[in-house]
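> Sharing a structure, written as structure tokens. Questions coming.
Residue numbers (my numbering), protein chains in the order written: chain Y, 164 to 449; chain R, 164 to 449.
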């Protein structure tokens, strides 16, 4: 028997999927965050754990691992030295490949064919793949990058709400909602900011979308600014010469209705998820 | 003899000035940062140190301190409990008052009369004083606030430079200069961001101004956005009912030529510095 394993190791969760050579799913698993930021000494055991959980479900023991062709997509793999360090680890598999989590998402979305994806989640990043060569746009991190991401929407929400609190712009139901969330305590908001991560800011993203739908002028202006970034992203992606582009991530669906027709009609639906992409990379023929 | 002491305790330096009852300067001193963020246990000895240095220069020993009327302007004094904690400290002075560093700057700028100031430095904050009552606009911290500040200019510089690096906007001499500063190493730039403070971002502020003067379109667009914030700040300040407003801080002079005439003609020159303000608050008649 030959087996195929795909792993998607990201900032919020790490998932695995094991199939036979016909693509039949034998086992799958999910654990918490396992990305490059935690360092290889912490990352490697987690990658093995999520692998073992999927193998257990499939009834495979460790002797069978030598029949497994594996591919791992890892968030933040571009950190200096990490790819090399992973390749230096003793592999229990028949074959093993590593790449970024954005690349497996792209491969999955287009079933291995050339194409591009724009991921709109806590962060935002575009990934373009032409003749097996990869390129990214954005995704450099918050707050220097990742326009139109959840974290960016959250930061803009707080900025606008403080301006409204000052009387520098008009107060709206949305800006009041944000300030009330901090119990109208601006010093508390400042203390919150001192420790806030991109994930904390991204909690406000659904609020912006919801208020925008209700017609709140401040939320609407933030969404319009995000839409301008997204449409520019998509234009630049097509200028790179790809034929297909998918919008992905938790904010893809909420933003779709806001895009102009001449942009949204260029977008393609995704043909698979990131684990499909990792399985293709591991050698599975779909 | 009666003496007057003013202290300006800020995020980057802490200064003191001692005068006689005629306003003649007898001593002055400057030490490093001494603001509310470091906590009262660290702050109090620094306030006493900068006082002692000015008194030594004036030839005063500690027995003379009981003839000193003192006022301290402290950055971040609004942190919960700090004012009370300072007032509970045993005072060696004839009289002692505490307020924010923005308030003493305002009092100094208008020689104790009602007025407003907009401080454009590493951060930005407006302070308005009418009938002895204070109000502030902005100044909630970076990155949620402090538009048009040095830190804000720096963040915008990096954001635009990364967009240009991606090909999402046109590269210019300015965006290339910013990327070259990080040795064209985007991963290095991301690592820098992980640890960067408002002060680190503010290092790019003079670059934006300089490139804007040279006509660089990206730097120019950042300056125009900052100018819109500054002009809105000033409009809102005058709507509060003050007759005079001064632009202050390290970025005041660089921004003056960019403001429209109908705004800049409303601005007044400053009549004194923050230490003058603290001395007025301590009871000195100018």
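Glycine included, each C-beta is placed from N, C-alpha and C at the ideal position.
Can you give me the start and stop residues for the beta strand (DSSP E) that residue 238 of chain R sits inside?
It is not in any beta strand (DSSP E) - residue 238 of chain R carries neither H nor E in the DSSP assignment.
> Indicate whether at least one CB of chain Y lies closer than 9 angstroms to the CB of residue 399 of chain R.
So, interface residue.
> May I ask you to report which of helix, strand or coil DSSP gives residue 448 of chain Y?
Coil at residue 448 of chain Y, not helix or strand.
> How is the beta strand (DSSP E) around residue 182 of chain Y delimited, first residue to last?
Residue 182 of chain Y -> beta strand (DSSP E) spans 177–183.
> So which residues on chain R does residue 395 of chain Y lean against when the C-beta distance must stay under 9 angstroms?
The answer, in chain order, is 326, 331 and 332.
> Taking only the alpha-carbon atoms, compute the straight-line gap between residue 196 of chain Y and residue 279 of chain Y and give it to the nearest angstrom.
Each residue's Cα considered, the two are about 25 angstroms apart.
> What residue from Y:363, Y:412, Y:231 and Y:379 has the CA that sits closest to residue 336 of chain Y's CA?
Checked all of Y:363, Y:412, Y:231 and Y:379; the closest Cα to residue 336 of chain Y is Y:379.
> State the DSSP-derived secondary structure class of residue 167 of chain R, mapped to helix, strand or coil.
Strand at residue 167 of chain R.
> Could you pull the start and end residues of the alpha helix (DSSP H) that residue 276 of chain R belongs to?
No alpha helix (DSSP H) holds residue 276 of chain R; DSSP gives it neither H nor E.
> Can you grab the Cα-Cα spacing for the pair residue 402 of chain R / residue 331 of chain Y, in whole Å?
Spanning the two alpha carbons is a distance of roughly 10 angstroms.
> Check whether the Cβ of residue 426 of chain Y lies closer than 9 angstroms to any Cβ atom in chain R.
Chain R, which has no Cβ nearer than 9 angstroms to the Cβ of residue 426 of chain Y, makes this no.
> Output the residue ranges of the beta strand (DSSP E) runs that lie fully inside the stretch 403–435 of chain Y and measure 3 residues or longer, sorted by chain position.
Entirely contained in the stretch 403–435 of chain Y, the beta strand (DSSP E) runs reaching 3 residues are, in chain order, 408–411.
> Excluding the 5 residues preceding and the 5 following residue 185 of chain Y in the sequence, name in chain order all residues of the same chain whose CB lies nearer than 8 angstroms to its CB.
So no residue of the chain qualifies.
> What residues in the stretch 294–326 of chain R bring their beta carbon closer than 7 angstroms to a beta carbon of chain Y?
Of all residues in the stretch 294–326 of chain R, 300, 301, 303, 304, 306, 307, 308, 318, 321, 322 and 325 have a Cβ within less than 7 angstroms of some Cβ in chain Y.
> Evaluate contact between the stretch 262–276 of chain R and the stretch 425–445 of chain Y, counting only Cβ atoms and requiring at least three cross-stretch pairs below 8 angstroms.
No, because fewer than three Cβ pairs between the stretch 262–276 of chain R and the stretch 425–445 of chain Y fall closer than 8 angstroms, the two stretches do not touch.
> Of all the CB atoms in chain Y, is at least one closer than 9 angstroms to the CB of residue 242 of chain R?
Interface residue, yes.
> Can you tell me whether DSSP reads residue 268 of chain R as helix, strand or coil?
If DSSP states are grouped into helix, strand and coil, residue 268 of chain R belongs with the helices.
> In its own chain, which residues sit with a C-beta less than 6 angstroms from the C-beta of residue 341 of chain R, not counting the 5 before and 5 after it?
Only 320 and 324 meet the Cβ criterion.
> Using a cut-off of 8 angstroms between C-beta atoms, extract the partners of residue 350 of chain Y located in chain R.
Residues of chain R passing the Cβ test: 241, 242 and 243.
> Along the beta strand (DSSP E) that carries residue 297 of chain R, what are the first and last residues, could you check?
Where residue 297 of chain R is concerned, the enclosing beta strand (DSSP E) stretches over 296–301.
> On the DSSP bridge list, what partners appear for residue 231 of chain Y?
In the DSSP output, where bridge partners are listed per residue, residue 231 of chain Y has Y:166.
> With distance defined between alpha-carbon atoms, name the residue in Y:317, Y:230, Y:177 and Y:190 nearest to residue 446 of chain Y.
Out of Y:317, Y:230, Y:177 and Y:190, Y:230 has the C-alpha closest to the C-alpha of residue 446 of chain Y.
> Between which two residues does the alpha helix (DSSP H) carrying residue 248 of chain R extend?
245–250 is the span of the alpha helix (DSSP H), which, as asked, contains residue 248 of chain R.
> Identify each residue in the stretch 349–375 of chain Y for which the Cβ-Cβ distance to at least one residue of chain R is less than 8 angstroms, and report them in chain order.
The stretch 349–375 of chain Y vs chain R, Cβ under 8 angstroms: 349, 350, 352, 353, 356 and 357.
> Would you report the Cα separation of residue 334 of chain R and residue 345 of chain R, rounded to the nearest angstrom?
Answer to the nearest angstrom: the Cα atoms are 16 angstroms apart.
> Mind checking if residue 402 of chain R is an interface residue toward chain Y, Cβ cutoff 9 angstroms exclusive?
Residue 402 of chain R counts as touching chain Y.
> Compute the Euclidean distance between the alpha carbons of residue 359 of chain Y and residue 410 of chain R, then round it to the nearest angstrom.
Going by the C-alpha atoms only, they are around 31 angstroms apart.
> Within 10 angstroms of its Cβ, does residue 273 of chain Y collect 16 or more other Cβ (buried), or is it exposed?
Answer is buried; the Cβ neighbour count reaches 16.
> Could you give the distance in angstroms between the alpha-carbon of residue 430 of chain Y and the alpha-carbon of residue 408 of chain Y?
When rounded, the distance between both Cα atoms is 5 angstroms.
> Are three or more beta carbon pairs between the stretch 171–188 of chain Y and the stretch 225–240 of chain Y nearer than 8 angstroms?
Output reads yes: the stretch 225–240 of chain Y touches the stretch 171–188 of chain Y.
> Tell me the rounded alpha-carbon separation between residue 395 of chain Y and residue 363 of chain R.
So the alpha carbons of these two residues sit roughly 29 angstroms apart.
> How long is the line joining the alpha carbons of residue 381 of chain R and residue 257 of chain R, rounded to whole angstroms?
In a straight line, the C-alpha of residue 381 of chain R is about 55 angstroms away from that of residue 257 of chain R.
> Whole angstroms are fine: how far does the CA of residue 326 of chain Y sit from the CA of residue 415 of chain R?
Distance between the alpha carbons of residue 415 of chain R and residue 326 of chain Y: 21 angstroms.
> Do residue 383 of chain Y and residue 391 of chain Y have their C-beta atoms within less than 9 angstroms of each other?
No. Outside cutoff.
> Apply the 10 Å Cβ neighbour rule to residue 269 of chain Y and answer buried if 16 or more other Cβ atoms are within range, or exposed otherwise.
The residue in question, residue 269 of chain Y, is buried, as its Cβ has 16 or more Cβ neighbours within 10 Å.
> Please classify residue 423 of chain Y as buried or exposed, where buried requires at least 16 neighbouring CB atoms within 10 angstroms.
So residue 423 of chain Y ends up on the exposed side.
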